[in-house]
Amino acid sequence: MTGVTLISTGGTIASRHSEKAGAVVAGLGGSALLAALHDPLDGIEVRVEEFRELNSFALTLQDAHGLVAAIRAALARPDCDGVVVTHGTDTMEESAYLADLLVAGDKPVVFTGAQRHAGDPDTDGPRNIADAIRVAADPATRGIGSAIVFEGEIHAARDVTKAHASRTDTFRSPGMGKIGEVDLREVHLYRHPGPRRVVEDAGLVEGVELLKLALGATPAFLEFCAESGAPGIVIEGFGRGNAPRGFASVVARLTAAGVPVLVASRCYEGRTRAVYGGDSGATTLVEAGALLCGTLSGLKARLLLSALLAKRASREEIATALARA
1 MTGVTLISTG
11 GTIASRHSEK
21 AGAVVAGLGG
31 SALLAALHDP
41 LDGIEVRVEE
51 FRELNSFALT
61 LQDAHGLVAA
71 IRAALARPDC
81 DGVVVTHGTD
91 TMEESAYLAD
101 LLVAGDKPVV
111 FTGAQRHAGD
121 PDTDGPRNIA
131 DAIRVAADPA
141 TRGIGSAIVF
151 EGEIHAARDV
161 TKAHASRTDT
171 FRSPGMGKIG
181 EVDLREVHLY
191 RHPGPRRVVE
201 DAGLVEGVEL
211 LKLALGATPA
221 FLEFCAESGA
231 PGIVIEGFGR
241 GNAPRGFASV
251 VARLTAAGVP
261 VLVASRCYEG
271 RTRAVYGGDS
281 GATTLVEAGA
291 LLCGTLSGLK
301 ARLLLSALLA
311 KRASREEIAT
321 ALARA
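Residue 36 in the numbering used here sits at position 36 of the sequence shown; the count goes up by one each step and never skips.
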């Protein structure tokens, strides 16, 4: 008998339309979700843990860190071969990446959810949960780290993003593709993700900000972050990691003061590289002290930086972690 722990956090998958609220709200626990499954899970024993009953847009960074601790505790039990987390889709990719970043070991951690709430006549939740449990229980998925299973597809947490606001096939891994799929209750793993670099879990530092740049944007928000005492900043810049004029000088002041500034690309695919100079091309930003994120998205670079700052990582250690991310 294979053992899987299901940790429920809320989300659309655990929501119904409330006449009182006049909106869809979370409120179903993991046991209710498990009871609604249509498929038999032969040979798999599922243990349920209730963590939260919140839509994922309401989760805090500390909620996400608490979830990581719950995952780690579940995996430490000898009767647990893998974990499934039911989670809202809005921030699922971030929680999944945190688990990939902070939870060591080869037992799989599988996130899933739904785009159609539990009261919807064609809700996608039960199928997604059943698929996720099968993935977590399959010996072939040992070593994949954290993944998202949705609409029959398996995606690596490091690469996946929510690509559509409402469609059931919302999750994509741009430039990478899915790592497997579930077809008629059978798990097919096509490839393992690249090697994981697990960070020692010393907590998460609050207040790391993410700025997305646009045509003609000014450094006003960057200045505000500096003045408000942000411990670190991630800029989601153009293309290879470029920014509008005026950003490099503010970056230089921040880095001189010991505030790490990371630069990711707002593109879904491709790598940041110091190619363009001038004010404020990526070459100039690097000269000002910024660190480039490679292919890591701004959302995930923010979480990595938060975890690294909690363990008081130096600038050199942050640069090394980004190079390996």
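The beta-carbon is built from N, C-alpha and C at its ideal position, and this holds for glycine as well.
These numbers were taken from a predicted model, which means no experiment stands behind them.
Through-space distance from residue j to residue i, alpha-carbon basis
i           : j           : result
residue 278 : residue 269 : 24 Å
residue 209 : residue 39  : 43 Å
residue 101 : residue 310 : 13 Å
residue 19  : residue 51  : 25 Å
residue 280 : residue 325 : 25 Å
residue 248 : residue 323 : 22 Å
residue 116 : residue 150 : 12 Å
residue 62  : residue 219 : 29 Å
residue 217 : residue 237 : 11 Å
residue 291 : residue 262 : 5 Å
residue 171 : residue 3   : 27 Å
residue 221 : residue 214 : 12 Å
residue 338 : residue 24  : The requested residue 338 does not occur in the structure, where the chain is confined to residues 1 to 325.
residue 185 : residue 267 : 35 Å
residue 239 : residue 274 : 11 Å
residue 84  : residue 293 : 29 Å
residue 106 : residue 223 : 43 Å
residue 22  : residue 12  : 15 Å
residue 148 : residue 111 : 5 Å
residue 313 : residue 168 : 39 Å
Residues near residue i by beta carbon distance below 6 Å, same chain, minus five either side
i           : result
residue 36  : 126
residue 187 : 134, 135 and 138
residue 119 : 16 and 17
residue 57  : 90
residue 200 : 311
residue 315 : none
residue 64  : 95 and 98
residue 146 : 96, 99, 100, 109 and 157
Residues of its chain near residue i, where Cβ-Cβ distance is below 8 Å and the 5 sequence neighbours each way are ignored
i           : result
residue 34  : 6, 46, 48 and 129
residue 253 : 226
residue 308 : 199, 317, 318 and 321
residue 88  : 9, 10, 11, 12, 13, 26, 54, 55, 56, 57, 59 and 113
Counterpart residues of residue i in DSSP-defined beta bridges
i           : result
residue 235 : 211 and 263
residue 23  : 18
residue 151 : Beta-bridge pairing links residue 151 to no other residue.
residue 188 : 181
residue 82  : 4
residue 221 : BP columns for residue 221 are empty, so no partner.
residue 49  : 7
residue 242 : 238
residue 109 : 83 and 146
residue 304 : In DSSP, residue 304 forms no bridge with anything.
residue 171 : 162
residue 54  : 10
residue 44  : 2
residue 156 : 147
residue 291 : 262
Residue closest to residue i, alpha-carbon to alpha-carbon, out of the options
i           : options               : result
residue 166 : 182, 110, 174 and 123 : 123
residue 113 : 274, 93, 158 and 184  : 93
residue 27  : 10, 42 and 282        : 10
residue 189 : 131, 168, 271 and 284 : 131
residue 298 : 211, 31, 155 and 23   : 211
residue 158 : 197, 169 and 184      : 197
residue 8   : 2, 55 and 22          : 55
residue 155 : 183, 193 and 32       : 193
residue 251 : 266, 239, 12 and 283  : 283
residue 14  : 86, 59, 81 and 60     : 86
residue 81  : 21, 53, 143 and 60    : 143
residue 181 : 73, 152, 296 and 195  : 152
residue 140 : 289, 30, 108 and 288  : 108
residue 235 : 64, 313, 191 and 296  : 296
Residue i CB to nearest heavy atom of the ligand PLP below 7 Å
i           : result
residue 146 : The ligand content of the structure shown is nil, which means the ligand PLP is not present either.
Neighbourhood of residue i by C-beta distance below 7 Å, restricted to the same chain and skipping five residues each side
i           : result
residue 104 : 198
residue 272 : 240, 241, 263, 264, 265, 282, 292, 293 and 294
residue 286 : 274 and 292
residue 288 : 248, 251, 252 and 255
Pair every Cβ in the stretch 198 to 209 with every Cβ in the stretch 227 to 242, then say whether three or more of these pairs are closer than 8 Å.
-> yes
Examine the Cβ distances between the stretch 302 to 314 and the stretch 239 to 251 and report whether three or more of them are shorter than 8 Å.
-> no
Are the stretch 59 to 68 and the stretch 95 to 109 touching, with three or more C-beta to C-beta distances below 8 Å?
-> yes
Segment contact, 8 Å Cβ cut-off, at least three pairs: the stretch 251 to 259 with the stretch 156 to 163 = no
Are three or more beta carbon pairs between the stretch 168 to 185 and the stretch 72 to 83 nearer than 8 Å?
-> no
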